[in-house]
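Asker: Dumping the structure here so I can ask a few things about it.
In the UniProt record's numbering, the protein residues as written are 1 to 485.
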């Protein structure tokens with residue numbers, strides 16, 4: 001039985017098997033072909049049925065198929081043998097040469113006779129059907145292939161109709177075509193493999209749909225739970241906000257009431273003082289007591305301390321820095337840049353740049369003094385004019401001239417009785433300096449201006465009749481209350 005061509009051909013190289021082997025799925029391939037295929041493929045699979053293997057499968061030599069392939073090769077070689085055209089009958093011998101002139105193929109015996117008579121004839125390797133292989137125009141062997149016209153030509157054709165055309169030997173063209181066939185076969189196999197990988201079984205489709213459906217349900221369930229949590233959180237926030245708003249509205253009403261009371265207080269003129277009542281307290285909630293006969297405003301008392309670095313050498317301060325007297329003699333003190341070297345003035349240690357401040361000064365029967373506030377930048381050296389234009393806001397008692405305030409020019413005041421204890425009230429933001437007779441509980445005078453820098457309490461003493469005479473800053477341990485008649 002003659003083997004079928006398909007039975008002995010490898011599906012990879014498309015040629016007769018060489019050392020055929022079998023793989024577990026039952027298909028057969030050349031050993032080199034299947035090993036090369038697996039080397040370049042991402043999977044171990046059969047090129048025929050596409051069955052995949054987890055690891056490279058074992059291969060076994062198919063001895064039966066190998067014998068069949070060898071028999072087929074022998075038969076094919078006999079088919080492909082070129083026989084002598086001169087010999088007749090069965091068993092013609094194999095040709096050894098073909099004559100391009102005679103267009104005949106000769107065996108070795110007939111070639112000797114031909115060579116003796118036709119020494120100039122050109123011979124070539126034996127070929128069958130010489131007439132089909134000859135150029136009909138030049139009667140030369142078609143041994144070239146014209147790339148431009150895609151046809152077989154002879155050598156003389158390249159000098160005539162196919163001049164300057166690109167030609168290659170037929171053998172090379174055959175090799176190129178075979179290579180192209182192999183490349184395309186490989187490409188087809190790769191595409192089939194890719195399609196196979198992309199195929200999804202119905203079971204896989206159902207599983208994917210089921211997973212996606214469960215995922216959608218989970219998302220919807222989570223979304224619903226999240227919306228419920230958000231709504232509950234929103235309701236809690238609304239309840240909290242409503243409660244807070246109610247509390248704030250209640251506080252706003254209370255603050256408005258208190259603000260009205262304070263505005264009434266702010267509109268009152270600071271004209272009378274009332275002694276401190278200890279039973280009244282201001283708690284952290286700003287509770288105010290308002291009586292029909294008494295309107296109260298609170299002015300924070302300050303503890304004024306004298307600054308020895310500013311005191312004129314004629315002045316002597318007490319140890320606690322709350323009293324000053326004209327010594328009647330010059331003291332040898334360090335020449336400090338803040339010290340008044342000519343005018344007998346001393347300033348307070350701490351100044352003010354904002355707020356309301358109140359302190360009291362005991363002047364007694366002395367009749368040569370100034371007291372009030374001064375700018376921190378006033379000149380400390382040489383002669384000085386105490387005036388609002390020079391940065392002094394003061395009340396003064398000039399011996400033989402009476403009381404005055406430091407306006408420019410000075411404004412004389414008629415005070416009766418004479419104040420022995422003077423209260424000084426400063427409102428920095430309002431630019432206000434007020435003086436009061438504490439014992440008489442009367443308002444003396446208010447100076448109005450605009451403060452642009454720190455101001456300091458100041459005291460100016462002329463030479464007193466007795467060296468022991470002093471003026472003292474009175475201690476205020478509680479708040480002072482202002483009363484309107």
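For glycine and all other residues, C-beta sits at the position ideal for the given N, C-alpha and C.
Here's a check: name, in chain order, each residue in its chain whose Cβ is nearer than 6 Å to the Cβ of residue 396, leaving out the five neighbours to either side.
Answerer: As a working note, residue 396 is residue 396 in the chain shown. Here the set comprises 370, 404.
Asker: Tell me the residue span of the alpha helix (DSSP H) that contains residue 37.
Answerer: On the chain shown, residue 37 is found 37 positions in, with the first residue counted as 1. Residues 31 to 40.
Asker: Around the C-beta of residue 162, are 16 or more other C-beta atoms found within 10 angstroms, so that it is buried, or is it exposed?
Answerer: The count along the chain shown starts at 1 and reaches residue 162 at position 162. Residue 162 should be labelled buried.
Asker: Residues bridged to residue 436 by DSSP?
Answerer: Against the chain shown, residue 436 aligns to sequence position 436. In DSSP, residue 436 forms a bridge with 423, 443.
Asker: On the three-state DSSP scale, how would you describe residue 10?
Answerer: Within the chain shown, residue 10 is the residue found at index 10, counting from 1. DSSP places residue 10 in coil when its eight states are reduced to three.
Asker: Pick from 124, 192, 166: whose alpha carbon is nearest that of residue 144?
Answerer: Translated into positions along the chain shown, residue 144 becomes position 144. Comparing Cα-Cα distances from residue 144 to each of 124, 192, 166, the minimum goes to 166.
Asker: Whole angstroms is fine: what's the gap from residue 443's alpha carbon to residue 436's?
Answerer: Stepping through the chain shown from its first residue, residue 443 is reached at position 443. Stepping through the chain shown from its first residue, residue 436 is reached at position 436. Whole-angstrom Cα-Cα distance: 5 Å.
Asker: Enumerated in chain order, which unbroken segments of the alpha helix (DSSP H) with a length of 4 residues or greater are wholly contained in the segment 160 to 240?
Answerer: Listed in chain order, the complete alpha helix (DSSP H) runs (minimum 4 residues) inside the segment 160 to 240 are 170 to 198.
Asker: Please state whether the Cβ-Cβ distance between residue 24 and residue 66 is less than 7 Å.
Answerer: For the purposes of this step, residue 24 is taken as the residue at position 24 of the chain shown. For the purposes of this step, residue 66 is taken as the residue at position 66 of the chain shown. Their beta carbons are not under 7 Å apart, which means residue 24 does not touch residue 66 by this criterion.
Asker: Check whether the segment 338 to 347 and the segment 446 to 461 are in contact - that is, three or more C-beta pairs closer than 8 Å.
Answerer: Yes, they touch.
Asker: Quick check: the Cα distance between residue 193 and residue 207, rounded to an integer number of angstroms?
Answerer: Indexing the chain shown from 1 puts residue 193 at position 193. Indexing the chain shown from 1 puts residue 207 at position 207. Spanning the two alpha carbons is a distance of roughly 23 Å.
Asker: Hey, quick one: how far does the beta strand (DSSP E) through residue 109 stretch, first residue to last?
Answerer: Stepping through the chain shown from its first residue, residue 109 is reached at position 109. Here residue 109 belongs to no beta strand (DSSP E); instead the alpha helix (DSSP H) covers 108 to 117.
Asker: Does the beta carbon of residue 363 come closer than 7 Å to any beta carbon on chain C?
Answerer: Structure shown: chain C not included; a single protein chain is present.
Asker: Do residue 431 and residue 451 come within 7 Å of each other at the CB atom, strictly closer than that value?
Answerer: As a first step, residue 451 must be located in the chain shown, where it is residue number 451. As a first step, residue 431 must be located in the chain shown, where it is residue number 431. Closer than 7 Å, so yes.
Asker: Would a C-beta distance cut-off of 7 Å place residue 394 and residue 406 closer than the cut-off?
Answerer: Here residue 394 is taken as the residue at index 394 of the chain shown, counted from 1. Here residue 406 is taken as the residue at index 406 of the chain shown, counted from 1. Taking 7 Å as the Cβ cut-off, residue 394 and residue 406 qualify as a contacting pair.
Asker: By Cβ distance below 6 Å, which residues in the same chain neighbour residue 427 in space, the five residues on each side in sequence not counted?
Answerer: The residue given as residue 427 occupies position 427 in the chain shown. Cβ within range, chain order: 356.
Asker: Alpha carbon to alpha carbon, how far is residue 85 from residue 108?
Answerer: Along the chain shown, read from residue 1 onward, the residue named residue 85 stands at position 85. Along the chain shown, read from residue 1 onward, the residue named residue 108 stands at position 108. Each residue's Cα considered, the two are about 12 Å apart.
Asker: What does the alpha-carbon distance come out to for the pair residue 380 and residue 323?
Answerer: Taking the chain shown and counting its residues from 1, one reaches residue 380 at position 380. Taking the chain shown and counting its residues from 1, one reaches residue 323 at position 323. Spanning the two alpha carbons is a distance of roughly 21 Å.
Asker: Give a yes or no on contact between the segment 128 to 135 and the segment 90 to 106, applying the rule of three or more CB pairs nearer than 8 Å.
Answerer: Touching, yes, given that three or more Cβ pairs across the two stretches are closer than 8 Å.
Asker: Taking the alpha carbon of residue 328 as the point to measure from, which residue in 212, 321, 312, 319 has its own alpha carbon closest?
Answerer: Here residue 328 is taken as the residue at index 328 of the chain shown, counted from 1. Closest by alpha carbon: 312.
Asker: Below 6 Å CB to CB, which residues in the same chain sit around residue 211 once its five sequence neighbours on both sides are set aside?
Answerer: Position 211 of the chain shown, counting from 1, holds the residue named residue 211. So no residue of the chain qualifies.
Asker: Could you check if residue 259 is buried or exposed, using at least 16 other CB atoms within 10 Å of its CB as the buried criterion?
Answerer: Counting from 1 along the chain shown, the entry for residue 259 is found at position 259. Classification for residue 259: exposed.
Asker: Can you say whether residue 8 is buried or exposed, counting buried as having 16 or more other CB atoms within 10 angstroms of its CB?
Answerer: Within the chain shown, numbered from 1, the residue matching residue 8 stands at position 8. With 16 or more Cβ atoms within 10 Å of its Cβ, residue 8 is classed as buried.
Asker: Do you know how far the Cα of residue 248 is from the Cα of residue 285?
Answerer: Within the chain shown, numbered from 1, the residue matching residue 285 stands at position 285. Within the chain shown, numbered from 1, the residue matching residue 248 stands at position 248. Caution is warranted here: a pLDDT of 38 is assigned to residue 285, below 50, making its placement in the model unreliable, and the coordinate value is therefore given only provisionally. If I take the Cα positions, the gap works out to 14 Å.
Asker: Going by Cα to Cα distance, which pick from 42, 43, 47, 300 is closest to residue 33?
Answerer: Here residue 33 refers to the residue found at position 33 when the chain shown is read from its first residue. Answer by Cα proximity: 47.
Asker: Strictly by DSSP, which residues pair up with residue 392?
Answerer: Against the chain shown, residue 392 aligns to sequence position 392. In DSSP, residue 392 forms a bridge with 374.
Asker: Helix, strand or coil for residue 97 per DSSP?
Answerer: Reading the chain shown from its first residue, position 97 is the one you call residue 97. Three-state result, residue 97: strand.
Asker: Please state whether DSSP places residue 146 in a helix, a strand or coil.
Answerer: To locate residue 146, count along the chain shown from 1; it is residue 146. Three-state DSSP puts residue 146 in a strand.
Asker: Cα separation between residue 331 and residue 414?
Answerer: Residue numbering aside, residue 331 sits at position 331 when the chain shown is read from its first letter. Residue numbering aside, residue 414 sits at position 414 when the chain shown is read from its first letter. Residue 331 and residue 414: Cα-Cα distance of roughly 36 Å.
Asker: Quick one: what's got a C-beta closer than 7 Å to residue 445's C-beta in the same chain, skipping five residues either side?
Answerer: Here residue 445 is taken as the residue at index 445 of the chain shown, counted from 1. Cβ neighbours of residue 445 beyond the five flanking positions: 395, 405, 413, 435.
Asker: Please return the same chain residues whose Cβ sits closer than 7 Å to the Cβ of residue 411, not counting the five positions on each side in sequence.
Answerer: Counting from 1 along the chain shown, the entry for residue 411 is found at position 411. Here the set comprises 404, 405.
Asker: Tell me which same chain residues have a C-beta within less than 6 Å of the C-beta of residue 391, skipping the five on either side of it?
Answerer: The sequence position of residue 391 within the chain shown is 391, counting from 1. Correct list, in chain order: 374, 375, 378.
Asker: In terms of DSSP beta bridges, what is residue 448 paired with?
Answerer: Within the chain shown, residue 448 is the residue found at index 448, counting from 1. DSSP output for residue 448 lists 432 as bridge partner(s).
Asker: Considering only the alpha carbon of each residue, which of 189, 334, 235 lies closest to residue 40?
Answerer: For the purposes of this step, residue 40 is taken as the residue at position 40 of the chain shown. Per the Cα distances, 189.
Asker: Can you tell me the Cβ-Cβ gap for residue 22 and residue 68, rounded? I've got them flagged as a contact below 8 Å.
Answerer: Numbered from 1 along the chain shown, position 22 holds the residue referred to as residue 22. Numbered from 1 along the chain shown, position 68 holds the residue referred to as residue 68. About 13 Å; that fails the 8 Å criterion.
Asker: The beta strand (DSSP E) spanning residue 151 covers which residue range?
Answerer: In the chain shown, counting from the first residue as 1, residue 151 sits at position 151. Unbroken beta strand (DSSP E) run through residue 151: 151 to 153.
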